[in-house]
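The sequence shown maps to residues 134 to 325 in this note's numbering.
Yeah, the Cβ is synthetic: ideal placement off N, Cα and C, and Gly gets one too.
Working notes for the structure below.
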Amino acid sequence: IGKTAVSQAPDSRYHCHAISLWGRISRHNLEIFQTGPQTETILNGLSMIGGKQLADTHSLIAYNHPHSTSQQLHKCIVDDHAHAVFNGKVNVPQAAQLTDAGQLNRNLLLSPNGRVDTKPQLEIVADNVKCTHGATVSQLKADEVFYLQSRGIDSTRAQNLLIYAFAAEILEALPIDSLKVRLSEAVDRFTQ
């Protein structure tokens, strides 16, 4: 259980990479306050859960000035009876003209018993902005598994490759190579 609170000064950049693996209960609250113009925020998150685990992510990005950006991508891989929650809010008041904000929550359900609750939110008062948000919840696609099988890869390995590919976008954004390697190994263990 953790909280990250950031107040960004003018012309600042903040990049956060939050990875949650196998915790019985994990909760991360992120609060980002862009208190000056020309700020940039990038939030990447990955949760991998199984059994009866819970991964709960709540975020707020609050703009207060114009000409600022944020991009948030949060992914969850949910197996067994696990439960993933994403509740993200982007707040763009009238003073935050020319804001560019994107928020996406993507979820991969590996079990019919898993559960995902997702709620991406935009609160926009400013009228000259570019803001997007979205959420997806999907399973492994049979045609993708079949394609890999038609190339000589067995079904289990094909599914593991697709799960790894889902997580790879977050892992590749990590700025530390040794951390990329360790977390890639953790994803491999999760799929076995």
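(Q) Please state the DSSP three-state secondary structure of Val262. (A) Within the sequence shown, residue 262 is the residue found at index 129, counting from 1. Residue state, collapsed to three classes: coil.
**Q.** Gln292, DSSP secondary structure in three states
**A.** In the sequence shown, the residue the question calls residue 292 occupies position 159. Helix.
Q.
Cutting at 6 Å between CB atoms, please list the residues of its own chain near Gly184, excluding the five before and the five after it.
A. Residue numbering aside, residue 184 sits at position 51 when the sequence shown is read from its first letter. Asp213.
Q) Expressed to the nearest angstrom, what Euclidean distance is found between the alpha-carbon atoms of Glu277 and Arg290? A) If you number the sequence shown from 1, residue 277 lands on position 144. If you number the sequence shown from 1, residue 290 lands on position 157. Computed Cα separation, rounded: 12 Å.
Q: Alpha carbon to alpha carbon, how far is Asp321 from Leu295? Give it in angstroms, no decimals.
A: The sequence position of residue 295 within the sequence shown is 162, counting from 1. The sequence position of residue 321 within the sequence shown is 188, counting from 1. Going from the Cα of Leu295 to the Cα of Asp321 covers about 11 Å.
(Q) My output table needs one value for Ile286: the three-state DSSP class, helix, strand or coil. (A) For this step, residue 286 is matched to residue 153 along the sequence shown. Coil at Ile286, not helix or strand.
Q: Note down the Cα distance separating Gln141 from His200, rounded to an integer number of angstroms.
A: In the sequence shown, counting from the first residue as 1, residue 141 sits at position 8. In the sequence shown, counting from the first residue as 1, residue 200 sits at position 67. Distance between the alpha carbons of Gln141 and His200: 13 Å.
Q.
Let me make sure I understand the geometry here. Which of Cys149, Gly135, Pro226 has the alpha-carbon closest to that of Ala188?
A. Numbered from its first residue, the sequence shown carries residue 188 at position 55. If we check each option's Cα against that of Ala188, Gly135 comes out closest.
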